[in-house]
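Worksheet: the structure to be examined is printed underneath.
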Amino acid sequence: MECELYGKDEKGICTCRLCPRRCTILPSQRGWCRTRWNDHGTLKALTYGLVTSAALDPIEKKPLSYFHPGSVILSLGSWGCNMNCLFCQNYEISQKEPESRKVSPQDVLRLARALTAEGNIGVAWTYNEPTLSFEFIRDTTPLIREAGLMNVMVSNGFICSEALDVLLPLIDAWNIDLKGWNPDFYKNICGAAGNPVRETIRKAAALSHVELTNLVIPDENDNPREFEEMARWIGSLSPAIPLHITRFFPRWRMTNHPPTPISTLVSLGKIARKYLSRVKTGNVSEEELAEYHWRNE
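Written out as structure tokens, the structure reads:
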């Protein structure tokens, strides 16, 4: 499938306009995310219609706690990412190219409709970075919406405004990872820049239901002062934006870090509630939180 957002010069060198990297891609080469390939001057989306993961998930698993709570949603993922977070929870599909199966927009529609008998409310584009499936989502989301179902995007928010402007009218709800506040954290730990993510959040929150996730990693992005700056900024957009403060567990290239102390999550939660009315703690059971409060209060 030919990509929608790119340019090319007289030598057949393509410039991708999907994400802020704006990769310059020589003939027979791929872009940074590996999903864009220059085929003799035509930029092609290698993951169009490719699915590596599919499940009927609780909406809270996205996590979306304030968008049709208690419902389930068909969740689809492909492969590839335009970040390389050292702590990636889904590195098997984001940083590698696992086995996948090909589906069409009509296939997704049929499956989504068939699962309504089990309570399905739509399709969540998730697991890997879904904006890299831009063309497939562009073609599929109108069918889902025409069927009276919902479209959800679970994204790192690292996307160009041109592509975002196409997606915003098609997506009903977003969960966006706001991975940290310090630019060095994004640069050194995620291999990307944070400012484009903030712009995505700002634009999406003005038009759609948006919830944010912050995975708290000990000694990396848990500085209380920086966290308060982040919470204050979110609150300036809207104090009603839900923030999920999520516990880190060792994963991929950060197995040398310990899990986030529950005390850190509780402390940061108190800071966030100064600016936000809906703050959730993730990757911690209610029993663990209750035990913590029982022991410390």
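The numbering of the sequence shown is our numbering, which starts it at 2 and goes up by one.
Heads up, the beta-carbon is just placed ideally off N, CA and C, and yes, glycines get one too.
Subject >> Spatial neighbours of G192 in its chain, beta-carbon cut-off 8 Å, leaving aside the 5 residues before and after >> reply: Position 191 of the sequence shown, counting from 1, holds the residue named residue 192. Result list for G192: M84, N85, C86, in chain order.
Subject >> V153 vs D173 beta-carbon contact at 8 Å >> reply: As a position in the sequence shown, residue 153 is number 152, starting the count at 1. As a position in the sequence shown, residue 173 is number 172, starting the count at 1. Their beta carbons are under 8 Å apart, which means V153 touches D173 by this criterion.
Original post:
Closest to D166 by CA distance: which of F135, I242, A46 is it?
Top reply: Taking the sequence shown and counting its residues from 1, one reaches residue 166 at position 165. It is F135.
Subject >> 8 Å Cβ cutoff met for I160 and T132 >> reply: Indexing the sequence shown from 1 puts residue 160 at position 159. Indexing the sequence shown from 1 puts residue 132 at position 131. It is a contact, given that the beta carbons lie within the stated cut-off.
Original post:
Counting along the chain, where does the alpha helix (DSSP H) carrying W182 start and finish?
Top reply: Position 181 of the sequence shown, counted from the start, is the residue given in the question as residue 182. Careful: W182 lies outside any alpha helix (DSSP H) and carries neither H nor E.
Original post:
In angstroms, rounded to a whole number, what distance separates the CA positions of L51 and E287?
Top reply: Within the sequence shown, the letter at position 50 stands for residue 51. Within the sequence shown, the letter at position 286 stands for residue 287. Straight-line Cα distance between these residues: approximately 37 Å.
Original post:
Within 10 angstroms of its Cβ, does P70 collect 16 or more other Cβ (buried), or is it exposed?
Top reply: In the sequence shown, the residue the question calls residue 70 occupies position 69. Exposed is the call here.
Original post:
Which whole-angstrom value describes the C-beta separation of E163 and R18, a residue pair presumed to lie in contact below a C-beta threshold of 8 Å?
Top reply: For the purposes of this step, residue 163 is taken as residue 162 along the sequence shown, with counting starting at 1. For the purposes of this step, residue 18 is taken as residue 17 along the sequence shown, with counting starting at 1. Between R18 and E163 the Cβ distance is about 6 Å, and since that is below 8 Å, they are a contact.
Original post:
Just reading off the beta strand (DSSP E) that D40 is part of, what are its end residues?
Top reply: The residue you call residue 40 lines up with position 39 of the sequence shown. Note, D40: beta strand (DSSP E), 37-40.
Original post:
How about the stretch 235-243 and the stretch 210-224: do they share at least three Cβ pairs that are nearer than 8 Å?
Top reply: yes
Original post:
How is the alpha helix (DSSP H) around E147 delimited, first residue to last?
Top reply: Stepping through the sequence shown from its first residue, residue 147 is reached at position 146. Segment 135-147, the alpha helix (DSSP H) holding E147.
Subject >> Among E93, G149, I235, S105, nearest to R114 - alpha-carbon criterion >> reply: Here residue 114 refers to the residue found at position 113 of the sequence shown. Comparing Cα positions, the closest option is G149.
Original post:
Can you give the Cα-Cα distance for G120 and P106, rounded to whole angstroms?
Top reply: Your numbering for residue 120 matches position 119 in the sequence shown. Your numbering for residue 106 matches position 105 in the sequence shown. C-alpha separation (whole angstroms): 21 Å.
**OP:** Report the three-state DSSP secondary structure of G236 (helix, strand or coil).
**Re:** Residue numbering aside, residue 236 sits at position 235 when the sequence shown is read from its first letter. Of the three classes helix, strand and coil, the one that applies to G236 here is helix, per DSSP.
Original post:
Taking I263 as the reference, which of I218, L244, W234 has the closest Cα?
Top reply: As a working mapping, residue 263 is identified with position 262 in the sequence shown. Taking only the C-alpha atoms, the option nearest I263 is I218.
**OP:** Decide if M231 is buried, meaning its Cβ has at least 16 other Cβ atoms within 10 Å, or exposed.
**Re:** Counted from its first residue, the sequence shown places residue 231 at position 230. Result: buried.
Subject >> Rounded distance between the beta-carbons of F186 and E221, thought under 8 Å >> reply: The residue labelled residue 221 in the question sits at position 220 within the sequence shown. The residue labelled residue 186 in the question sits at position 185 within the sequence shown. The Cβ separation is near 6 Å, so the contact holds.
Subject >> Cβ-based burial, K97 [other Cβ within 10 Å; buried from 16] >> reply: For the purposes of this step, residue 97 is identified with residue 96 of the sequence shown, where counting begins at 1. Per the 10 Å Cβ criterion, exposed.
Original post:
Who are the Cβ neighbours of R22 in its own chain at under 6 Å, not counting the five residues just before and after it?
Top reply: Numbered from its first residue, the sequence shown carries residue 22 at position 21. If we look at R22 and ignore the five residues flanking it on each side, its Cβ neighbours are W33.
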